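So the structure is just underneath, and the comments pick up after that.
Numbering (the UniProt record's numbering), first residue to last: 1 to 351.
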């Protein structure tokens, strides 16, 4: 189990240019596999263009209380990148003036940002329709100062989306660290106790599954049934939806693929599972990702690869919705992860 981020380990994969180099060379450079650009061009879907903005996804910092094996953010306790209140205020101006209906706060563990609660309170006043916080669950049990998070979420009608690799202890702890499963179960029970995830409840609680190895997720609907049955029978836990997300070959998952000698096989799996029907609904077409320091990206994955938006409007302080709408999406081979099978996004399958 990893205990330090790639940055802390001074791995060469902490460098986004090195990751992009790997994704562009080898089997893609020699023509064994088509590049993502060539693949979407086959179905006349290149260039991929942004539509109307619906979701503003804001990464408020890379600090986290966990060091998960496949984290694409390379988050951990040793990451100190944290969004300042000044940048949050710039985000609030955009939230109030944009047509986006969903605000999606992510990290790291977003709750670890010292201004997290202030930001939630201020953003809630802006009247966003769907206000998402992506919680790793264990943060709720990590320290006494976080114990009241469920009540705080309820007060502001926050839609809680939580990572849960499996309904068994072994598979969850293998991917996320010893003790994570038990803390996650406790946190879910606390959320259920105040109404989250219950049938007909307006307090939305969704879970996110991502595979524990070099393989693609199974059918989202059938997995949701399995998760619901197991968690209800074993722990009396209920939730609304399960999102199945494909692991993208970047950051710590790329490190895992290379170390386990699965990189080429995994890329073959992604390319072979390519689904042109998923391309038109990938999240980068209706989502804008904002980094902890306010820069704009087509998605959270491009943010981690330091591939900024192809627009004159590059920072939240100079946000211009007209300039951003219709922009050409920046792509590389990692994009196969979002178009494999039924497709993958932060909201689950797309096709």
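The beta-carbon is built from N, C-alpha and C at its ideal position, and this holds for glycine as well.
Please read these numbers as outputs of a predicted model, since none were measured by experiment.
Item to check | Reference residue 204; option with closest CA among 34, 242, 328, 111 | outcome: Taking the first residue of the chain shown as 1, we reach residue 204 at position 204. Taking only the C-alpha atoms, the option nearest residue 204 is 242.
Checklist entry - Hey, which unbroken runs of the beta strand (DSSP E) at 3 residues or more fall wholly within the region 83 to 112? => result List check, beta strand (DSSP E) in window: 102 to 106.
Item to check | Terminal residues of the beta strand (DSSP E) in which residue 57 lies | outcome: Start at 1 with the first residue of the chain shown, and residue 57 comes out as number 57. 55 to 59 is the span of the beta strand (DSSP E), which, as asked, contains residue 57.
Checklist entry - Out of 126, 127, 150, which has the shortest C-alpha to C-alpha gap to residue 134? => result Along the chain shown, read from residue 1 onward, the residue named residue 134 stands at position 134. Out of 126, 127, 150, 150 has the C-alpha closest to the C-alpha of residue 134.
Item to check | Whole runs of the alpha helix (DSSP H) within the region 207 to 270, excluding any shorter than 4 residues | outcome: Taken in chain order, the complete alpha helix (DSSP H) segments of 4 residues or longer contained in the region 207 to 270 are 220 to 235, 251 to 259.
Checklist entry - In whole angstroms, what separates the C-alpha of residue 257 from that of residue 340? => result The count along the chain shown starts at 1 and reaches residue 257 at position 257. The count along the chain shown starts at 1 and reaches residue 340 at position 340. The straight-line gap from Cα to Cα measures roughly 17 Å.
Checklist entry - Does DSSP classify residue 336 as helix, strand or coil? => result The residue you call residue 336 lines up with position 336 of the chain shown. Here residue 336 sits in helix by DSSP.
Next on the checklist: Under DSSP, the alpha helix (DSSP H) around residue 120 begins and ends at which residues?
Outcome noted: To locate residue 120, count along the chain shown from 1; it is residue 120. Its alpha helix (DSSP H) spans residues 116 to 124.
Checklist entry - Can you tell me whether residue 107 is buried or exposed, with buried defined as 16 or more other CB within 10 angstroms of its CB? => result As a working note, residue 107 is residue 107 in the chain shown. Burial check for residue 107: the Cβ neighbour count within 10 Å reaches 16 or more, so the residue is buried.
Checklist entry - Hey, is the region 99 to 119 in contact with the region 49 to 68, meaning 3+ C-beta pairs nearer than 8 Å? => result yes
Checklist entry - Is the region 275 to 294 in contact with the region 244 to 258, if contact means three or more CB pairs nearer than 8 Å? => result Here the region 275 to 294 does not lie against the region 244 to 258, with fewer than 3 beta-carbon pairs under 8 Å apart.
Next on the checklist: Measuring straight from C-alpha to C-alpha, what distance separates residue 84 and residue 161?
Outcome noted: The residue given as residue 84 occupies position 84 in the chain shown. The residue given as residue 161 occupies position 161 in the chain shown. Using only the alpha carbons, I get a separation of about 23 Å.
Item to check | Opening and closing residue of the beta strand (DSSP E) in which residue 139 lies | outcome: Counting from one through the chain shown, the residue named residue 139 turns up at place 139. Looking at the DSSP string, residue 139 is not in any beta strand (DSSP E); the run it does join, the alpha helix (DSSP H), is 139 to 142.
Next on the checklist: My parser needs the beta strand (DSSP E) runs of 3 or more residues fully inside the region 154 to 203; what are they?
Outcome noted: Counting only unbroken stretches of 3 or more residues, the beta strand (DSSP E) elements lying wholly within the region 154 to 203 are 159 to 163, in sequence order.
Checklist entry - Can you give the beta carbon distance from residue 327 to residue 49, rounded, assuming they're within the 8 Å contact cut? => result Here the question's residue 327 lines up with position 327 in the chain shown. Here the question's residue 49 lines up with position 49 in the chain shown. Going by Cβ atoms, the distance from residue 327 to residue 49 rounds to 7 Å, so yes, they are a contact pair.
Checklist entry - Taking just the CA atoms, how far does residue 167 sit from residue 230? => result Here residue 230 refers to the residue found at position 230 of the chain shown. Here residue 167 refers to the residue found at position 167 of the chain shown. Taking the CA atoms as reference points, residue 230 sits about 7 Å from residue 167.
Next on the checklist: Going by the DSSP bridge assignment, what does residue 348 pair with across the sheet?
Outcome noted: Position 348 of the chain shown, counted from the start, is the residue given in the question as residue 348. DSSP lists 345 as partners of residue 348.
Checklist entry - Thinking just about the alpha-carbon of each residue, which of 284, 185, 269, 212 is nearest to the one in residue 137? => result Counting from one through the chain shown, the residue named residue 137 turns up at place 137. Comparing Cα-Cα distances from residue 137 to each of 284, 185, 269, 212, the minimum goes to 185.
Item to check | Coarse secondary structure for residue 132, derived from DSSP in three states | outcome: As a first step, residue 132 is located in the chain shown; it is residue number 132 there, counting from the start. In this structure, residue 132 counts as strand in the three-state DSSP scheme.
Next on the checklist: Once DSSP output is grouped into helix, strand and coil, what is the label at residue 47?
Outcome noted: The residue you call residue 47 lines up with position 47 of the chain shown. Here residue 47 sits in coil by DSSP.
Next on the checklist: Pull the bridge partners of residue 295 from the DSSP assignment, please.
Outcome noted: Here the question's residue 295 lines up with position 295 in the chain shown. 315, per the DSSP bridge assignment.
Checklist entry - Got a sec, what are the start and stop residues for the beta strand (DSSP E) residue 323 sits in? => result The residue you call residue 323 lines up with position 323 of the chain shown. Counted as a single uninterrupted DSSP element, the stretch harbouring residue 323 is not any beta strand (DSSP E) but the alpha helix (DSSP H) occupying residues 321 to 324.
Item to check | Cross-strand partners of residue 289 (DSSP beta bridge) | outcome: Here residue 289 refers to the residue found at position 289 when the chain shown is read from its first residue. For residue 289, the pairing in a beta bridge is given by DSSP as 57, 297.
Checklist entry - Tell me which same chain residues have a C-beta within less than 6 Å of the C-beta of residue 47, skipping the five on either side of it? => result Here residue 47 is taken as the residue at index 47 of the chain shown, counted from 1. Cβ within range, chain order: 328.
Checklist entry - Does the region 86 to 97 come close enough to the region 120 to 129 to have 3 or more Cβ pairs within less than 8 Å? => result yes
Checklist entry - With a CB to CB cut of under 8 Å and the five nearest residues on each side skipped, what residues in its chain are close to residue 118? => result Numbered from 1 along the chain shown, position 118 holds the residue referred to as residue 118. Once the five neighbours on either side are set aside, the close Cβ partners of residue 118 are 85, 88.
Next on the checklist: Would residue 268 and residue 22 be called neighbours here (beta carbons separated by less than 9 Å)?
Outcome noted: Translated into positions along the chain shown, residue 268 becomes position 268. Translated into positions along the chain shown, residue 22 becomes position 22. Not closer than 9 Å, so no.
Item to check | Cβ-Cβ separation, residue 72 to residue 304 (assumed contact under 8 Å), whole Å | outcome: Indexing the chain shown from 1 puts residue 304 at position 304. Indexing the chain shown from 1 puts residue 72 at position 72. Distance from residue 304 to residue 72 at the Cβ level is roughly 6 Å; contact confirmed, criterion being Cβ atoms closer than 8 Å.
Next on the checklist: Quick test of your reading: residue 335 and residue 283, contact by CB under 8 Å. State the CB separation rounded to the nearest angstrom.
Outcome noted: Numbered from 1 along the chain shown, position 335 holds the residue referred to as residue 335. Numbered from 1 along the chain shown, position 283 holds the residue referred to as residue 283. Actually they do not touch by this definition, with Cβ atoms about 11 Å apart.
Checklist entry - In the DSSP assignment, what are the bridge partners of residue 274? => result What you label residue 274 is simply residue 274 of the chain shown in a count that begins at 1. The partner list for residue 274 (beta bridge, DSSP) reads 340.
Next on the checklist: According to DSSP, simplified to helix, strand and coil, what is residue 145?
Outcome noted: Taking the chain shown and counting its residues from 1, one reaches residue 145 at position 145. Residue 145 carries a helical assignment under DSSP once its states are collapsed to helix, strand and coil.
Item to check | Local Cβ density within 10 Å of residue 175, reported as buried at 16 or more and exposed below that | outcome: Start at 1 with the first residue of the chain shown, and residue 175 comes out as number 175. Taking a 10 Å sphere around the C-beta of residue 175, we find 16 or more other C-beta atoms and assign the residue as buried.
Item to check | Exposure of residue 142, with buried meaning 16 or more beta-carbon neighbours within 10 Å | outcome: By 1-based counting over the chain shown, the position of residue 142 is 142. Looking at its Cβ environment, which holds 16 or more other Cβ atoms inside 10 Å, residue 142 is buried.
Checklist entry - Secondary structure at residue 387, three-state DSSP: helix, strand or coil? => result A question about residue 387 goes unanswered here, because the residues of the chain that appear run from 1 up to 351.
Checklist entry - Does the beta carbon of residue 123 sit closer than 9 Å to a beta carbon anywhere in chain D? => result Judged by its chain identifiers, the structure shown contains no chain D, having just a single protein chain.
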